[in-house]
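Following our numbering from start to finish, the sequence shown increments by one per residue and tops out at 1057.
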Amino acid sequence: MKKRLLLPPQYPDGQERQPYLVKLMQHQEETAHKLAQRINHIVATCPATAAMLQEIAQLVGTATGADCCCLVAVADEDSTETVTANWCCDEFLGIPLPNEMLSTERFMMELPVLQCAVEPRNIDEISTIRSSLVTGCQQLPLPIKAVLAIPTRFGGKNNGVVSLIKFEAHDWEQSEKDILKTIETACAIAFAQVKQAQLISSQQQYLQKSNQHQSLIKQLTILSRSNLESNQMLQLAIASTAECLQADRGLLILLKYTDPLFRTPIKKQIPQAKADVVSEWRRENKNPTDSTSRSFSLADCGLCQKVFLDAGKPVIINDYTDLQDATPVAPLFAITQMPAVLLMPLENQGKILGFLVLQQNVARNWQQAELNLVEMVCAQVSNAIIQSKTLRQVQTLVDDRTAKLQSSLELQARLHEKMRQHVDQLRELNQLKDEFMSNISDRLRYPLTNMRMSIKNLRLPGISPERQSTYLDILENECTKEINLINDLLTLQKLESEQEPPKVENIDLNAKIKDLSGALTKKLADKGLSIKLDIPKEPLKLQTELESFDRILQELLNNAYTYSDRDTIIDLHTSHRVDQLVDQVMIKVTNIGRSISEEEATYIFDRFRRGRGGRWTPGTGLGLALVKSLVQHLNGAIAVESTPIPGSQLSKICFTLTLPQFSDESKPYSNSD
């Protein structure tokens, strides 16, 4: 007899799937419990380190099908550092970060990607989850799109966060949330064990350091009672202290006060003193042969001055490069190579004898126990120094008094010499001021006098047109002189007060020299002069500021024209050279005229200062001063040399101009600017 196949009964929507959902939920619960059991097994068998959290993160991420799993142990007051573990699916490993990738913190602020597996018990849990994502997800290969997180609690406190991460948009299902709820306790135990291991390790390190510190104090006590020579004892003390605290360098510095009246230091007063390094220890080289001076003035080191300004408190710097207000430091400290510094004063009865200095090659946080140890070491060293000094003072009391008297006399002699030098300088400055005022008044008065005379003559009745034109020309020429004088003074003032970089462009040096010399041909011919050019046959390019270069060369040629003897030749020579990778162009302008003495050569480039040959020649006395300022503006150099001509009262006067070639990397401006 055949049996008829029956169709499954029809139910309302969704009811026919209820048995399957029940079985699925049971299977997920079993999977979650197995996952929790495996986590407990890992906690029980593996050492409590970050590697254990890494294994748990891989297990949870694989089981849940997440793209990434992040475990972060929440730091508390007993933790020394935050422990994080990340696992990422293989298909996302090695993916480079996109250029437009934002930071994790910004994703958490702008996008609603975070969901909690359980209802947050308080606001702190939400903050804890966000902080853990910022801490643990900084190096993920892709931006975060979805996060499912659960805070773990142990002993009534949050001790960690477990986060499932998707790099694409994802709606977290209740089953995924249930898995996190199930493994919360196991993960909380794992976090607690890692923190407990951290605490035990730190306590062991603390006990070890305490034993080392006690051993060091005993050793120093024995040294202070021994019959060792003072320098040997100090060397052993600084070496033992630096090795105990694992420093890279240790220094013992003693102060020698140069002020005989300085006995008890006044608060916030920096005395006159010289600092000497009496003992030094280094980890890399225990017997250094450093060429740096082992002495410096207290006035040159801001670190040592802080001890006096802060009433004897130590100077503690974890990383000198992070300080905003960089304090001047003596070169001896090599602060850029050793940025972590602990400077403890050696003090006795309110007087600072010197400093014990420890330095580290990398940034370091100096602990309070280390500070206490160094303070006790300083007390021992100070007592030993005082004992040694007392013995020496008894033996050399008379010599010390004689030396102090001699030092006082030498100081008075130096003060007297400085006073005499100051008087001479003031006298010279006063003379220069008078000369300057005389020169500037003459340069302003003469053109104004000529202009006033021309205006007065123009007002005369019946003056002919020819004379009117002559007086107008005089007015125009004198106005031009006044304008040029004022412009030159303003240019000099601008060059000295404003340090603007030159606006560099490429010029053809040969063509520029030909143009400038050609413009002077007629003017030179009127005086019977000629110009001889000695320039390279090949085109010579120069990178410089065109306006400044033109003015320099014009002033040098005009100076040669003004002071050349009649019917002579002006030589203009250019050359290009590269000396020790320095690319330079050299221009020499040579003329024949009255010689320049060595005394005149010292001030010939000063404003309104002219040599004997220029005192009777019309001019402002600003030309060579302007040349010097413009050459300095172009980072060049200018020099003058006077060579007597045998059998003649004349000399060859050579002005040598040296200008650098600005490279493309170093030039501050380009033609497009």
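Ideal Cβ placement from N, Cα and C applies to all residues, glycine included. All values reported here derive from a predicted model rather than from experimental measurement.
Range of the contiguous alpha helix (DSSP H) that encloses Phe-989: Segment: none, Phe-989 is in no alpha helix (DSSP H) and carries neither H nor E.
Return helix, strand or coil for Leu-455, following the three-state DSSP convention. strand
Should Ile-584 go down as buried or exposed, given a rule of 16 or more other Cβ atoms within 10 Å for buried? exposed
Terminal residues of the continuous alpha helix (DSSP H) containing Val-518? 507-520
Among the residues of its own chain, which have a CB less than 7 Å from the CB of Arg-748, if the five just before and after it don't count? Asn-702 and Ala-724
Please name the residue or residues paired with Gln-927 in a DSSP beta bridge. Asn-890
Going by the CB atoms, is the gap between Val-969 and Thr-958 shorter than 8 Å? Going by C-beta atoms, Thr-958 is nearer than 8 Å to Val-969.
May I have the straight-line CA-CA distance separating Thr-433 from His-554, to the nearest angstrom? 32 Å
Pull the bridge partners of Tyr-376 from the DSSP assignment, please. Beyond the ends of the chain as shown, which are 385 and 1057, falls residue 376; an answer cannot be given.
Evaluate the contact criterion for the segment 926-946 versus the segment 1032-1047: three or more CB pairs, one atom per stretch, below 8 Å. yes
According to the neighbour-count rule (16 or more other Cβ atoms, all chains shown, within 10 Å of its Cβ), is Tyr-704 buried or exposed? Looking at its Cβ environment, which holds 16 or more other Cβ atoms inside 10 Å, Tyr-704 is buried.
Should Ile-1029 go down as buried or exposed, given a rule of 16 or more other Cβ atoms within 10 Å for buried? exposed
Quick check on DSSP: helix, strand or coil for Phe-1039? Taken through DSSP and simplified to helix, strand or coil, Phe-1039 comes out as strand.
Gly-445, buried or exposed, once every other Cβ within 10 Å from all chains shown has been counted against 16: buried
Expressed to the nearest angstrom, what Euclidean distance is found between the alpha-carbon atoms of Leu-419 and Ala-570? 9 Å
Local Cβ density within 10 Å of Tyr-855, reported as buried at 16 or more and exposed below that: buried
For my contact list, Phe-739 and Leu-755 are in at a C-beta cut-off of 8 Å; report their separation, rounded to the angstrom. In fact, because the Cβ distance is near 14 Å, the residues do not count as touching under 8 Å.
Rounded straight-line distance, which links the Cα of Asp-508 to that of Gly-634: 46 Å
Between Ala-797 and chain B, is any beta-carbon pair separated by less than 8 Å? Protein chain content of the structure displayed is limited to a single chain, and chain B is not contained in it.
N-terminal and C-terminal residue of the beta strand (DSSP E) that Ile-736 is part of: Unbroken beta strand (DSSP E) run through Ile-736: 735-744.
Going by DSSP, name the residue or residues bridged to Gly-977. According to DSSP, Gly-977 bridges with Ser-948 and Ser-1035.
Do Ile-919 and Ile-936 have their beta-carbon atoms positioned less than 8 Å apart in this structure? no
Which same chain residues, not among the five before or five after Ser-932, have their C-beta less than 7 Å away from its C-beta? If we look at Ser-932 and ignore the five residues flanking it on each side, its Cβ neighbours are Pro-886, Leu-1014, His-1017 and Leu-1018.
Among Lys-690, Gln-877, Asp-857 and Thr-928, nearest to Leu-1006 - alpha-carbon criterion: Gln-877
Whose C-alpha, out of Pro-525, Asp-963, Gly-540 and Gln-764, is nearest the C-alpha of Ser-624? Nearest in C-alpha terms to Ser-624, of all of Pro-525, Asp-963, Gly-540 and Gln-764, is Gln-764.
Please work out which residues of its chain come closer than 8 Å, Cβ to Cβ, to Gln-852, disregarding the five sequence neighbours upstream and downstream, and give them in chain order. Here the set comprises Leu-842.
Just to confirm the assignment, what range does the beta strand (DSSP E) spanning His-1017 have? Where His-1017 is concerned, there is no enclosing beta strand (DSSP E), although the alpha helix (DSSP H) it sits in stretches over 1007-1017.
Provide the residue span of the alpha helix (DSSP H) that contains Lys-921, from first to last. Premise fails: Lys-921 is in no alpha helix (DSSP H) and is neither H nor E.
Which residues does DSSP pair with Asn-871 in a beta bridge? Paired residues: none, contrary to the question.
Please classify Gln-558: is it buried, with 16 or more other beta-carbons within 10 angstroms of its beta-carbon, or exposed? Gln-558 should be labelled exposed.
Mind checking whether the beta-carbon of Arg-633 lies closer than 7 Å to any heavy atom of the ligand MN? Within the structure as shown, the ligand MN is missing, as the structure has no ligands at all.
By Cβ distance below 7 Å, which residues in the same chain neighbour Ile-858 in space, the five residues on each side in sequence not counted? Asn-834 and Ser-838
For Asn-543, the first and last residue of its enclosing beta strand (DSSP E): 541-550 is the extent of the beta strand (DSSP E) around Asn-543.
Applying the 10 Å Cβ sphere with the 16-neighbour rule, what's the burial state of Cys-1105? Any property of residue 1105 remains undetermined from this structure, which presents the chain solely from 385 to 1057.
Suppose you measure from the CA of Ala-501 to the CA of Val-578; what does that come to, to the nearest Å? 23 Å
May I have the straight-line CA-CA distance separating Ala-576 from Arg-537, to the nearest angstrom? 9 Å
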